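Trainee:
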Amino acid sequence: MSNIVRPYGDTLDDGKVQLSFTLPVPDGAKGREAARKLVLSWGFKDCEVVHSNPLADEFSFYIAYGKSEASIDYESVVADEATEAAYLSMDEVNEFIKAKIGRKVVVVGACTGFDAHTVGIDAIMNMKGYNHHFGLERYTELETYNLGAQVPNEKLIEFAQKVNADAILVSQVVTQKEVHVSNMTQFVELLEAKGIRNRFICIAGGPRIGNKLAVELGYDVGFGKGSYADHVATFIVRKLVEKMGN
Amino acid sequence: MSNIVRPYGDTLDDGKVQLSFTLPVPDGAKGREAARKLVLSWGFKDCEVVHSNPLADEFSFYIAYGKSEASIDYESVVADEATEAAYLSMDEVNEFIKAKIGRKVVVVGACTGFDAHTVGIDAIMNMKGYNHHFGLERYTELETYNLGAQVPNEKLIEFAQKVNADAILVSQVVTQKEVHVSNMTQFVELLEAKGIRNRFICIAGGPRIGNKLAVELGYDVGFGKGSYADHVATFIVRKLVEKMGN
Amino acid sequence: MKEKLGLSRDRIAEARELAERICAPVMDFVEAHSSVTVERATLRLAGADDANADGVPVPNLVVDRLRDRLEDGALKWYVNALLRQGGTVESLNRKIAEGLDVSSVPLGDEKAVRARADELVDRGFARIRAARERRDAMRAEWKGRNNDPLLYLIVATGNIHEDVKQAKAAAAQGADVIAVIRTTAQSLLDYVPYGATTEGFGGTYATQENFRIMRAALDGEAERQQRYILLTNYASGLCMPEIAAMGALERLDMMLNDSMYGILFRDINMYRTFVDQKFSRMINAVAGIIINTGEDNYLTTSDAYEKAHTVLASQFLNERFGFAAGLPAGLLGLGHAFELDPTMRNGFLYELAQAQMAREIFPDHPLKYMPPTKFMSGDIFRGLVMDSMFNFVSKATNQGIHLLGMLTEAIHTPFMMDRFIAVDNAKYVMNSIADFHDEVEFRKDGIIVRRARDVLEETIGFMKEIAGVSLFDSIEKGMFADVKRPKDGGKGLDGLVKKGPAYYNPLETRLKNEAGLR
Amino acid sequence: MKEKLGLSRDRIAEARELAERICAPVMDFVEAHSSVTVERATLRLAGADDANADGVPVPNLVVDRLRDRLEDGALKWYVNALLRQGGTVESLNRKIAEGLDVSSVPLGDEKAVRARADELVDRGFARIRAARERRDAMRAEWKGRNNDPLLYLIVATGNIHEDVKQAKAAAAQGADVIAVIRTTAQSLLDYVPYGATTEGFGGTYATQENFRIMRAALDGEAERQQRYILLTNYASGLCMPEIAAMGALERLDMMLNDSMYGILFRDINMYRTFVDQKFSRMINAVAGIIINTGEDNYLTTSDAYEKAHTVLASQFLNERFGFAAGLPAGLLGLGHAFELDPTMRNGFLYELAQAQMAREIFPDHPLKYMPPTKFMSGDIFRGLVMDSMFNFVSKATNQGIHLLGMLTEAIHTPFMMDRFIAVDNAKYVMNSIADFHDEVEFRKDGIIVRRARDVLEETIGFMKEIAGVSLFDSIEKGMFADVKRPKDGGKGLDGLVKKGPAYYNPLETRLKNEAGLR
Ligand code: B12
Ligand code: B12
Ligand SMILES: Cc1ncc(COP(=O)(O)O)c(C=O)c1O
Ligand SMILES: Cc1ncc(COP(=O)(O)O)c(C=O)c1O
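Sequence order for the protein chains is A, B, C and D. Numbering that gives the first Met the number 0 puts the first sequence at residues 0 to 245. Numbering that gives the first Met the number 0 puts the second sequence at residues 0 to 245. Numbering that gives the first Met the number 0 puts the third sequence at residues 0 to 517. Numbering that gives the first Met the number 0 puts the fourth sequence at residues 0 to 517.
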């Protein structure tokens with residue numbers, strides 16, 4: 000069964016969308032008309048430019064409301080966020096490990112490259128956790144190593160080999176100029192060059208990291224905003240059992 | 000010479016646009032993905048849904064940034080706002096009338112239909128004016144009548160005939176459900192039915208009235224946000240001389 | 000509540016005396032008059048309902064036929080017909096809708112008519128009382144779960160069913176009060192449309208059926224949220240008493256209701272309005288409905304700094320007229336607004352002064368504080384910040400009813416997401432400054448204190464002027480909101496009725512009793 | 000400035016004494032050491048510039064070769080080579096870039112070297128003085144035309160030419176201060192890249208040429224606006240003294256510069272940092288450059304309510320280290336931030352308390368107040384309102400340097416329109432509460448007053464603990480920002496230099512003199 004939906008302002012299917020953007024042209028009637036035409040060119044049926052403002056001699060700011068005729072079949076949409084799967088609690092993860100794996104699971108994590116944002120990886124790993132979700136360090140059946148920030152990919156891999164890690168956690172927060180993409184890619188390439196990609200469950204995370212992107216880049220999964228240790232632990236143990244099955 | 004422009008976030012041609020809208024679906028990963036796909040369907044190349052929020056069980060709110068590849072040739076854009084033309088000051092208008100018309104010009108204005116917003120028409124007509132632009136009542140060479148708000152089209156036309164108006168000003172502020180379109184259309188139809196459309200310069204105005212719309216509906220001109228008495232007076236006297244020429 | 004402005008109690012008392020002086024002659028006039036809508040409201044409370052095939056409501060059908068004989072009141076004709084026709088009120092209504100002219104039914108025994116009328120009035124009052132008790136019970140059950148101030152959101156789709164969706168979403172997002180904005184033209188209709196409606200401009204028709212639909216929806220949502228959701232509409236325009244009556248029956252909780260709004264902003268005749276407002280207010284008083292007065296409207300046409308005293312003067316008058324109709328302070332949601340030019344230096348301090356002043360002068364009143372509207376523009380980001388300053392002032396001065404500002408105020412009636420953004424803004428700001436009011440004091444003789452004192456003084460001066468010439472004349476002279484309204488001009492004057500010596504209206508008598516007016 | 004918190008002057012003095020006690024041993028260590036970047040900074044101020052074909056800067060080429068002999072200082076080798084080679088400094092630089100190893104040039108007459116060194120130092124100081132005078136003249140000419148607090152905006156495109164566009168637009172929109180954010184990795188580079196750059200991540204390389212390009216652009220815009228536009232960069236990371244030197248030469252006006260930031264947030268070795276910060280600060284002092292300290296960073300990893308005292312303690316330490324490097328209070332832009340959880344009841348009151356506390360304890364310092372960042376989310380509308388509350392607190396407590404919050408903080412480095420929205424927000428709010436600070440008083444023993452007192456007390460307790468174990472040990476124990484840094488860990492330790500008995504650095508001596516240190 001399909002369920003065709005459109006943006007909703009205050010009436011079903013009115014298609015109302017708010018937009019704002021800058022154009023590299025002076026402010027004025029001509030700029031407003033350019034803004035309006037541009038919005039129409041995106042397939043909006045109607046557009047009203049409700050505000051414009053100079054930002055500099057050659058830049059101007061526009062606020063517009065458009066009326067979209069485009070729609071999407073909600074039923075056909077496939078959600079792709081790692082956090083959405085039903086997940087286990089900390090205790091359940093520990094039980095699961097005891098029952099199905101029978102040894103401690105080793106997890107190594109770091110914020111890699113030149114990225115110095117530790118808060119995200121700490122939120123996942125540190126004892127105290129985040130938002131009332133305890134971190135991996137508190138899981139009795141996990142053995143965890145948090146290497147902190149600014150860790151070169153080489154060093155992270157070396158360390159993972161040394162401690163015989165089951166899973167490697169890579170955090171990337173800075174995404175400007177796609178710096179995360181090249182850094183994350185290099186990590187996988189290094190593993191592959193060494194022929195050890197399959198020895199690890201590779202997990203990427205960060206506020207702008209989607210599962211889709213991570214998988215594309217060769218990771219097993221990617222965790223974005225609003226992910227917690229329990230999501231990650233669940234993924235690791237399930238995946239491990241799956242790998243052990245093979 | 001063409002001048003192709005795209006939205007500008009912080010780098011030329013990065014195409015960045017902010018959008019926000021509601022979808023009639025529950026909040027969650029599936030809704031976010033639907034939102035993302037919808038944005039892509041508008042021709043954006045990339046889209047990141049940076050926020051989502053439930054509004055009700057079956058409604059959710061999305062904030063997204065898209066990257067547009069669409070562009071527009073700024074040089075090809077034709078501005079169409081009545082206020083943009085070089086206009087005369089109050090004194091110049093008076094001089095113009097004395098020199099080229101030689102009699103007082105009669106202007107009748109009202110906020111029509113059930114619309115009760117007098118502030119806009121008053122801003123144009125009242126003595127004190129608006130934003131340091133005196134209103135038409137202060138123009139010595141104009142004879143003005145402001146009928147106020149909620150004036151039926153019939154009554155306005157009757158009055159204009161009675162005082163032998165040169166120009167009729169119609170203000171429309173409420174635009175919900177396109178009520179202004181039907182009201183403005185009815186006004187012109189009434190004039191045409193009486194065969195007197197050409198006796199008057201018909202001017203529409205209001206915050207959401209564009210020149211384009213007004214002309215489409217059969218008015219001589221339409222004045223939107225940021226228009227003042229001097230714009231309107233200039234238009235009237237120039238048009239009148241033009242009509243006298245014929 | 001701690002006073003911070005050091006306003007002179009004597010000067011405040013003086014202003015109240017002036018208000019009494021100004022209102023007294025108006026009340027004398029009111030006492031001697033009725034109107035077509037007062038009569039129709041009376042009929043409605045006695046049971047008149049339904050509409051004919053053209054949608055003309057039964058109360059109008061009755062009163063229109065009686066137009067020349069209204070000096071005796073309409074009720075006796077209706078009751079007489081009921082007695083003569085036999086059957087229920089509902090069957091009488093149906094017959095009237097189908098063409099029965101009650102004025103053509105010969106008058107029967109007066110005592111029987113009076114007895115039956117008393118029964119009908121009893122029934123009407125019982126319904127009002129039941130609604131009031133239901134409200135009291137619900138509010139008691141969920142005591143302490145509403146926001147303070149109450150967060151007030153509007154819905155305005157024009158379609159009652161769409162309004163319901165929006166209202167439920169708004170309540171789920173945190174609103175305490177839902178106002179169904181009325182369609183653009185309704186205040187000028189001299190009848191109240193009948194049934195559920197789906198087409199309106201800038202708002203939805205106020206009809207009894209629409210009231211019922213929305214009330215049920217909000218009760219459901221209240222149950223879910225475990226928080227009473229108040230419902231608001233407009234007892235305003237040419238039918239104020241009737242809408243008050245419908246609201247009393249359908250358990251509305253608030254009504255926009257001003258003693259002069261219709262005159263000034265809708266060009267309704269002043270005598271008609273003064274008569275109608277009194278009757279509507281008595282109904283509101285008995286039903287326990289909070290009225291919201293419309294002082295904010297002054298500031299949309301006049302400058303909010305220059306004309307602050309007209310707001311305060313109007314608050315005194317609305318209070319006086321309210322008391323005269325039996326409304327206690329607790330039901331007087333006097334209006335004011337945050338409408339100073341945002342480019343004004345220290346504008347926030349002046350807003351703070353004015354809001355605090357209203358709070359201290361009307362300590363027991365659930366003040367209704369309106370957001371910035373006039374200076375809102377297409378710049379929704381600037382607008383959102385203006386709304387945050389408004390939210391701040393409201394909480395910082397302990398306002399009672401807080402109309403949420405919309406970032407899109409200058410663009411369209413609210414989208415569902417606009418409301419969410421507004422609630423979120425208010426909740427964040429208000430929680431964040433929860434105890435600001437108790438924490439902060441104003442410098443003696445500083446900008447804030449002086450501003451409040453000055454406005455009060457100017458108000459007293461202004462009210463003296465009004466008292467000098469009479470309220471009728473001051474309106475005629477344009478002393479309020481910069482609009483002039485001739486005494487015999489405006490709409491609805493022909494619906495005014497001079498009560499005859501035999502004017503009979505037991506419902507009015509009962510209203511007066513219950514409202515505590517002798 | 001009126002005091003509102005009634006903080007005990009004695010307790011504040013006690014905290015200052017504790018700071019002195021804590022810093023004294025560190026200063027002793029610093030006195031005995033130099034570092035590779037201190038030496039390079041010395042060379043730069045004496046004229047070393049240029050880079051080789053691989054982009055290795057001349058100062059690095061010189062110091063790298065001298066690595067084992069640095070205990071005597073690098074300058075004499077450079078000057079010696081200059082004398083021996085003849086010609087100008089520029090030609091020497093070129094030769095070095097082309098391969099000349101100054102350490103291989105045999106040392107000549109010491110007196111001649113010293114004389115030539117003095118000349119070079121004179122020239123360096125003359126350039127700094129000229130820049131300072133130029134700034135003073137411009138600020139005097141346009142006195143009173145800047146905003147108060149100064150509105151501070153960042154540009155961060157990664158490309159200096161794109162940055163220029165953004166910066167000019169920001170200035171046109173009303174910014175007083177432009178900070179060119181530095182590329183993500185630069186703080187860990189032990190050299191300063193050379194020339195104009197167009198590729199950076201999350202920021203643009205700090206290079207002398209980039210400084211020059213931006214300075215010229217901003218001077219142009221200042222002329223247009225008739226308002227001095229301050230330029231900010233980062234004297235922070237492994238090259239703090241060199242960047243300070245470059246900033247002094249190119250007339251930067253502010254520098255991010257903290258005595259401990261590199262240690263805590265960049266894992267730079269603590270000894271190295273303490274040595275470098277002193278030298279960089281002496282340069283800033285002489286150049287009249289306001290430093291911005293980094294206390295705000297603590298609150299991004301720790302809770303802003305729980306750890307408010309670590310911010311105040313760090314301010315006292317930064318102040319003390321600043322004084323010890325000759326920086327007067329007027330150049331100490333001590334940092335703090337608006338980072339409380341937005342869902343906290345009365346959060347605004349606590350922010351107000353903390354900001355006012357900083358203001359009263361550091362009355363002559365141009366406090367640098369940072370916007371909410373940690374709790375900013377993808378909800379740009381909520382974020383905008385949080386920024387409005389931040390703008391409010393900043394103006395209400397008379398902060399000096401106001402970093403504008405961005406509604407898109409959690410999403411991307413600022414778009415041009417984001418900056419506009421931020422300036423507009425701040426200008427509206429600040430103008431609207433212009434005199435709030437003078438108007439409003441805090442309740443005696445109320446939430447605000449108590450909060451400030453409590454934080455001060457906790458700070459004193461905390462500083463006593465530090466004094467007990469030494470600053471080095473407290474950092475090792477993780478007492479700041481919840482991070483533990485071992486004394487001999489971190490980057491750059493190998494660049495530390497123990498001064499020998501023959502350590503020669505006339506530039507340092509001159510700096511000390513001009514900075515008024517002994
Ligand atoms: C705190 C902070 C800092 C602190 C970091 C302190 C520290 N020790 O971490 C300091 C001040 C040092 C800092 C510096 C910089 N920052 Co910063 N910073 C932030 C800030 C305000 C909050 C980030 C944060 O802590 N979030 C809280 C955590 C819990 O959320 P999170 O990281 O998203 O993590 C969650 C999920 O993503 C996920 N997750 C994250 N990692 C992982 C890993 C795995 C394996 C898994 C499973 C899950 C997971 O789980 C977490 C819990 O749900 C953001 C803005 C913002 N409000 O988001 C900017 C921000 C991230 N910073 C930014 C930038 C540019 C910088 C600088 C590069 C600026 C500069 N040039 O100086 C520097 C340099 C840092 C560097 N080299 O990386 C930008 C990034 C822009 C972009 N998209 O590229 C942001 C968005 C600010 C902005 N708008 O410009 N920053
Ligand atoms: C003030 C106001 C009122 C006052 C009006 C008082 C009065 N006497 O005018 C009151 C409180 C009575 C009112 C009531 C209503 N209002 Co009203 N009101 C506003 C408000 C806040 C400001 C309008 C204003 O005065 N602007 C200032 C003037 C100077 O600007 P202007 O009208 O644009 O005029 C300028 C130009 O447009 C132009 N112009 C205008 N007319 C003409 C005519 C000519 C010939 C020319 C040449 C130029 C010209 O020149 C002027 C100067 O530059 C706006 C929101 C906003 N901030 O814009 C809502 C707004 C216009 N109102 C609105 C609504 C829905 C209503 C109601 C219908 C709500 C209700 N259901 O109760 C009622 C009913 C009124 C009715 N029947 O029309 C909506 C309209 C939505 C829409 N697009 O359809 C708005 C946008 C608010 C909202 N977001 O919901 N309102
Ligand atoms: C008291 C009062 N009644 C009515 C209204 C609404 O206007 P209308 O006359 O369209 O019902 C307002 C306006 O906000 C008002 O304040
Ligand atoms: C003092 C100080 N230095 C430097 C920086 C910037 O970080 P980075 O180390 O990337 O230069 C900051 C952060 O905002 C800071 O506060």
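Glycine included, each C-beta is placed from N, C-alpha and C at the ideal position. From a predicted model like this one, the values you see are computed outputs, not experimental measurements.
Pull out every residue of the region 285-306 of chain D whose Cβ sits closer than 8 Å to any Cβ of chain A, in chain order.
Mentor: The residues in question are Thr299 and Thr300.
Trainee: Can the beta-carbon of D:Gln296 be found less than 8 Å from the beta-carbon of D:Phe264?
Mentor: Position 297 of the fourth sequence, counted from the first residue, corresponds to residue 296 of chain D. Position 265 of the fourth sequence, counted from the first residue, corresponds to residue 264 of chain D. One point to set straight first is that residue 296 of chain D is Asn, not Gln, in the sequence displayed. It is a contact, given that the beta carbons lie within the stated cut-off.
Trainee: Between B:Ala63, B:Val16, B:Ile71 and B:Glu215, which has its C-alpha nearest A:Leu37's C-alpha?
Mentor: Here residue 37 of chain A refers to the residue found at position 38 when the first sequence is read from its first residue. When each option's Cα is compared against that of A:Leu37, the closest is B:Ile71.
Trainee: Under 8 Å by Cβ, that's how I've got C:Ile177 and C:Ala166 pegged, so tell me the actual separation to the nearest angstrom.
Mentor: The count along the third sequence starts at 1 and reaches residue 177 of chain C at position 178. The count along the third sequence starts at 1 and reaches residue 166 of chain C at position 167. Contact flag correct, Cβ pair sits at about 5 Å.
Trainee: Could you work out which residues of chain D lie near A:Asn52, taking near to mean beta carbons separated by less than 8 Å?
Mentor: To locate residue 52 of chain A, count along the first sequence from 1; it is residue 53. Per Cβ cutoff of 8 Å: Phe419.
Trainee: Excluding sequence positions up to five away, which residues of its chain have a Cβ less than 6 Å from the Cβ of D:Ile153?
Mentor: On the fourth sequence, residue 153 of chain D is found 154 positions in, with the first residue counted as 1. The answer, listed in chain order, is Ala178 and Ile180.
Trainee: Find out if the Cβ-Cβ distance for the pair C:Leu74, C:Asn504 is shorter than 8 Å.
Mentor: Residue numbering aside, residue 74 of chain C sits at position 75 when the third sequence is read from its first letter. Residue numbering aside, residue 504 of chain C sits at position 505 when the third sequence is read from its first letter. Contact flag set, yes.
Trainee: Any heavy atom of ligand 1 within a distance shorter than 7 Å of the CB on D:His411?
Mentor: What you label residue 411 of chain D is simply residue 412 of the fourth sequence in a count that begins at 1. Yes, the Cβ of D:His411 comes within 7 Å of a heavy atom of ligand 1.
Trainee: Could you spell out where the beta strand (DSSP E) holding D:His335 opens and where it closes?
Mentor: Position 336 of the fourth sequence, counted from the start, is the residue given in the question as residue 335 of chain D. Note, D:His335: beta strand (DSSP E), Gly334 to Ala336.
Trainee: For A:Asp45, which of helix, strand or coil comes out of DSSP?
Mentor: Within the first sequence, numbered from 1, the residue matching residue 45 of chain A stands at position 46. Three-state DSSP puts A:Asp45 in a strand.
Trainee: Please go through the same chain and pick out, in chain order, the residues whose beta-carbon is closer than 7 Å to the beta-carbon of A:Ala203, but skip the five residues on each side of it.
Mentor: Position 204 of the first sequence, counted from the start, is the residue given in the question as residue 203 of chain A. Taken in chain order, the residues that qualify are Val169, Gln171, Met183, Ala213, Tyr218 and Gly221.
Trainee: Should C:Thr206 be listed as close to ligand 3, given that the test is whether its C-beta is under 7 Å from any heavy atom?
Mentor: Against the third sequence, residue 206 of chain C aligns to sequence position 207. Answer for C:Thr206: no, Cβ out of range of ligand 3.
Trainee: Using 10 angstroms around the beta-carbon of C:Val57, count the other beta-carbons present and answer buried if the total reaches 16, otherwise exposed.
Mentor: In the third sequence, counting from the first residue as 1, residue 57 of chain C sits at position 58. With 16 or more Cβ atoms within 10 Å of its Cβ, C:Val57 is classed as buried.
Trainee: Beta carbons nearer than 7 Å to chain C: which residues of the region 449-463 of chain D have them?
Mentor: The region 449-463 of chain D vs chain C, Cβ under 7 Å: nothing.
Trainee: Could you spell out where the beta strand (DSSP E) holding C:Leu230 opens and where it closes?
Mentor: Here residue 230 of chain C refers to the residue found at position 231 when the third sequence is read from its first residue. Unbroken beta strand (DSSP E) run through C:Leu230: Leu229 to Tyr233.
Trainee: Quick test of your reading: C:Ile228 and C:Asp275, contact by CB under 8 Å. State the CB separation rounded to the nearest angstrom.
Mentor: Counted from its first residue, the third sequence places residue 228 of chain C at position 229. Counted from its first residue, the third sequence places residue 275 of chain C at position 276. About 28 Å; that fails the 8 Å criterion.
Trainee: May I ask you to list the residues that DSSP assigns as paired with C:Leu188?
Mentor: Within the third sequence, numbered from 1, the residue matching residue 188 of chain C stands at position 189. In the DSSP output, where bridge partners are listed per residue, C:Leu188 has none listed.
Trainee: Please name the residue or residues paired with C:Ala307 in a DSSP beta bridge.
Mentor: By one-based count along the third sequence, residue 307 of chain C stands at place 308. The partner list for C:Ala307 (beta bridge, DSSP) is empty, contrary to what the question assumes.
Trainee: Could you tell me the distance, in whole angstroms, from the CA atom of C:Phe471 to the CA atom of C:Ile159?
Mentor: In the third sequence, the residue the question calls residue 471 of chain C occupies position 472. In the third sequence, the residue the question calls residue 159 of chain C occupies position 160. When rounded, the distance between both Cα atoms is 38 Å.
Trainee: Is the CB-CB distance between D:Ala425 and D:His401 below 8 Å?
Mentor: Here residue 425 of chain D refers to the residue found at position 426 of the fourth sequence. Here residue 401 of chain D refers to the residue found at position 402 of the fourth sequence. Cβ distance < 8 Å, so D:Ala425 and D:His401 count as in contact.
Trainee: Does the pairing of the region 280-293 of chain D with the region 249-257 of chain D give three or more beta-carbon distances under 8 Å?
Mentor: With a cut-off of 8 Å, the region 249-257 of chain D and the region 280-293 of chain D count as touching, because enough Cβ pairs lie within range.
Trainee: For a quick check, are the C-beta atoms of C:Val448 and C:Gly5 less than 8 Å apart?
Mentor: One-based indexing of the third sequence puts residue 448 of chain C at position 449. One-based indexing of the third sequence puts residue 5 of chain C at position 6. Yes, Cβ-Cβ distance for C:Val448 and C:Gly5 is below 8 Å.
Trainee: Counting only beta-carbon separations shorter than 8 Å, does D:Asp378 have a partner in chain B?
Mentor: Locating residue 378 of chain D in the fourth sequence gives position 379, where the first residue counts as 1. Output row for D:Asp378: interface = yes.
Trainee: At which residues does the beta strand (DSSP E) containing A:Gly108 begin and terminate?
Mentor: Residue 108 of chain A sits at position 109 when you count from the first residue of the first sequence. Start and end: Val104 to Cys110.
Trainee: Restricting to runs no shorter than 4 residues, where is the alpha helix (DSSP H) found entirely within the region 29-62 of chain C?
Mentor: Segments of the alpha helix (DSSP H) lying fully in the region 29-62 of chain C: 35-45.
Trainee: Spell out whether any CB of chain D is found under 8 Å from the CB atom of C:Pro362.
Mentor: On the third sequence, residue 362 of chain C is found 363 positions in, with the first residue counted as 1. Chain D contact via Cβ: absent.
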